[in-house]
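Numbering (this note's numbering), first residue to last: 33 to 304.
For every residue, glycine included, the Cβ atom is placed at its ideal position computed from N, Cα and C.
Bear in mind that the values here come from a model prediction, so they are computed numbers and not experimental data.
What follows is a set of notes on a single structure, which appears directly below.
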């Protein structure tokens, strides 16, 4: 889904047949100016979405802090000019995008800071239809993206292994099906499964729900034969230990689903 379509549906959801409050209280000809202000320290994200909200309402959004940059309490994140009706009708939709995405970027920045040098990835645990925006927010926070969907990367999970009949057979079937440029990653839960995945020729192996000592042992067993990704029950407090274990990267669904919305507010500063 394109951003244009997503915003159109967002406005349709909120406005329905019309903003009864604004239409009743504000004359159509009146124009105004408003500012969106940060209420606590945050990493800004969502400028494109906010601009699209107001564009569809024939108002003009001007970003004042670019995506990925920090903002402090009181900083003006963006300004908007247009009819007062447009400003009022778009306020909540624009803020919802900005607050949600800035929250993800801010949370991600704090997680990444916990283990400098460790490559931190997101997952497919995203809000339906908001994946592109949320993965952009992760990048703004300083982490990297895992595969976008089921179509752009092979990742054999526990249920694939059960359905296929084992780690080795699942990897061999994936290898036979995939083109030569597509890497094969397989999730494992034990060191025995790790050895089986290595013997089957996996390019990358996801080490699921292993403690730091087991992760270190997995690194020793692998000896560089595959990329190792740690995942499962990951949080910022664990990352330093995970980094010391020597894995190549860590994936965390919590970058997105554990993020709290940032706090921003919009205030009309001129009305004519």
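Proximal residues to residue 51 (C-beta, below 8 angstroms), its chain only, five neighbours per side dropped: Here residue 51 refers to the residue found at position 19 of the chain shown. Counting only Cβ-Cβ distances below 8 angstroms, and skipping sequence neighbours, we find 117, 120, 121.
On the three-state DSSP scale, how would you describe residue 97? Within the chain shown, the letter at position 65 stands for residue 97. Taken through DSSP and simplified to helix, strand or coil, residue 97 comes out as coil.
Closest Cα partner of residue 293 within the set 37, 151, 166: Locating residue 293 in the chain shown gives position 261, where the first residue counts as 1. The shortest Cα separation from residue 293 among 37, 151, 166 belongs to 166.
Rounded to the nearest angstrom, what separates residue 41 and residue 126 at their Cα positions? As a first step, residue 41 must be located in the chain shown, where it is residue number 9. As a first step, residue 126 must be located in the chain shown, where it is residue number 94. Going by the C-alpha atoms only, they are around 13 angstroms apart.
Identify whether residue 46 lies in helix, strand or coil by the three-state DSSP scheme. As a working mapping, residue 46 is identified with position 14 in the chain shown. Annotated three-state conformation of residue 46 is helix, per DSSP.
Hey, out of 96, 113, 245, whose CA is closest to residue 107's CA? Counting from one through the chain shown, the residue named residue 107 turns up at place 75. 96 is the residue among 96, 113, 245 whose C-alpha sits nearest the C-alpha of residue 107.
Which residues does DSSP pair with residue 111 in a beta bridge? Mapped onto the chain shown, residue 111 falls at position 79. Looking at the DSSP assignment, residue 111 forms a beta bridge with 67, 94.
Residue burial classification, residue 194 (beta-carbon count within 10 angstroms, cutoff 16): Numbered from 1 along the chain shown, position 162 holds the residue referred to as residue 194. Looking at its Cβ environment, which holds fewer than 16 other Cβ atoms inside 10 Å, residue 194 is exposed.
Closest by C-alpha distance to residue 201, when choosing among 214, 215, 183, 225: Working through the chain shown from its first residue, we reach residue 201 at position 169. Measuring from the Cα of residue 201, the nearest candidate turns out to be 225.
With C-beta atoms as the reference, is residue 262 less than 8 angstroms away from residue 242? Here residue 262 corresponds to residue number 230 of the chain shown, with the count starting at 1. Here residue 242 corresponds to residue number 210 of the chain shown, with the count starting at 1. Their beta carbons are under 8 angstroms apart, which means residue 262 touches residue 242 by this criterion.
Straight-line CA distance for residue 266 to residue 198? For the purposes of this step, residue 266 is taken as residue 234 along the chain shown, with counting starting at 1. For the purposes of this step, residue 198 is taken as residue 166 along the chain shown, with counting starting at 1. In this structure, the straight-line span from the alpha carbon of residue 266 to that of residue 198 is close to 26 angstroms.
Around the Cβ of residue 234, are there at least 16 other Cβ atoms within 10 angstroms (buried) or fewer (exposed)? Position 202 of the chain shown, counted from the first residue, corresponds to residue 234. With a 10 Å radius around the Cβ and a threshold of 16 neighbouring Cβ atoms, residue 234 comes out buried.
Leaving out five residues before and five after residue 33 in sequence, what residues of the same chain have Cβ atoms less than 7 angstroms from its Cβ? As a first step, residue 33 must be located in the chain shown, where it is residue number 1. The residues are 161.
If we count Cβ pairs, one from each stretch, closer than 8 angstroms, do we get three or more for the stretch 296-303 versus the stretch 170-177? No, they do not touch.
How about residue 75 and residue 109: are their beta carbons less than 8 angstroms apart? As a first step, residue 75 is located in the chain shown; it is residue number 43 there, counting from the start. As a first step, residue 109 is located in the chain shown; it is residue number 77 there, counting from the start. Against a cut-off of 8 angstroms, the Cβ pair of residue 109 and residue 75 comes out as no contact.
Based on the DSSP output, what are the partners of residue 32 in its beta bridges? Residue coverage of the chain in this structure runs from 33 to 304, which leaves residue 32 outside it and unanswerable.
Who are the Cβ neighbours of residue 216 in its own chain at under 8 angstroms, not counting the five residues just before and after it? Taking the first residue of the chain shown as 1, we reach residue 216 at position 184. Short of 8 angstroms from the beta carbon of residue 216, and not among the five residues preceding or following it, lie these beta carbons of its own chain, in chain order: 186, 188, 203, 206, 207, 210, 233, 234, 235, 236.
Among the candidates 214, 213, 254, whose CA atom is the shortest distance from the CA of residue 220? Position 188 of the chain shown holds residue 220. Each of 214, 213, 254 was checked against the Cα of residue 220, and the nearest Cα belongs to 254.
With residue 292 as the anchor, note down where its beta strand (DSSP E) starts and where it stops. Numbered from 1 along the chain shown, position 260 holds the residue referred to as residue 292. Note, residue 292: premise wrong, no beta strand (DSSP E); not H, not E.
How would you call residue 132, buried or exposed, if buried means at least 16 neighbouring beta carbons within 10 angstroms? The residue given as residue 132 occupies position 100 in the chain shown. Buried.
Run through DSSP, which three-state label would residue 224 get? By 1-based counting over the chain shown, the position of residue 224 is 192. Of the three classes helix, strand and coil, the one that applies to residue 224 here is helix, per DSSP.
Presumed contact (8 angstroms Cβ cut-off) between residue 63 and residue 114, rounded CB distance: Position 31 of the chain shown, counting from 1, holds the residue named residue 63. Position 82 of the chain shown, counting from 1, holds the residue named residue 114. By a beta-carbon distance limit of 8 angstroms, residue 63 contacts residue 114. Their separation comes to about 7 angstroms.
CB-CB under 6 angstroms to residue 275, same chain, minus the five flanking residues each way: which ones, in chain order? As a working mapping, residue 275 is identified with position 243 in the chain shown. Setting aside the 5 residues that flank it on each side, residue 275 is surrounded in the same chain by 147, 150, each with a C-beta closer than 6 angstroms to its C-beta; the list follows chain order.
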